[in-house]
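Asker: Here it is, the structure in full.
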Amino acid sequence: MATQAQMRQWRAAVEAALSAQDSAERYERRQRELRRGTNGAEGRPRPGPQRFDESGFPIPQPIPGFMQRVGRLIYGS
């Protein structure tokens, strides 16, 4: 029969192994997201509507200035 000290050692070893496995799975999931280009995009704002010229090609959108971005963060929209 195992003593209390042996049980604690085994419990610590099992917890460490499970933690390492969790970390490895999270790392692999993150790498897959990065390769696919989905790297956590669900929490980010989506780009605004695109504008197109008369032939159907997208027109490059201007990058908003710092003050506009801060204003949107503060006041919303």
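In my numbering, the protein residues as written are 934 to 1010.
We put the beta carbon where it would ideally sit given N, CA and C, even for glycine.
Only a predicted model underlies this, so the values are computations on that prediction, with no experimental measurement involved.
Hey, would you say Trp-943 sits closer than 9 angstroms to Ala-953, going by beta carbons?
Answerer: As a working note, residue 943 is residue 10 in the sequence shown. As a working note, residue 953 is residue 20 in the sequence shown. Taking 9 angstroms as the Cβ cut-off, Trp-943 and Ala-953 do not qualify as a contacting pair.
Asker: From Gln-1001 to Asp-986, what does the alpha carbon distance come to, in whole angstroms?
Answerer: Reading the sequence shown from its first residue, position 68 is the one you call residue 1001. Reading the sequence shown from its first residue, position 53 is the one you call residue 986. C-alpha separation (whole angstroms): 25 angstroms.
Asker: Thinking Gln-983 and Pro-991 are a contact (beta carbons under 8 angstroms), I'd like their distance in whole angstroms, please.
Answerer: Start at 1 with the first residue of the sequence shown, and residue 983 comes out as number 50. Start at 1 with the first residue of the sequence shown, and residue 991 comes out as number 58. With a Cβ gap of about 5 angstroms, Gln-983 and Pro-991 count as contacting.
Asker: Could you check what DSSP says for Phe-999 in three-state terms: helix, strand or coil?
Answerer: Mapped onto the sequence shown, residue 999 falls at position 66. Phe-999 falls in the helix class under three-state DSSP.
Asker: So that I know if they touch, is there some Cβ in chain C lying closer than 9 angstroms to that of Glu-966?
Answerer: Here there is only one protein chain, and chain C is not present.
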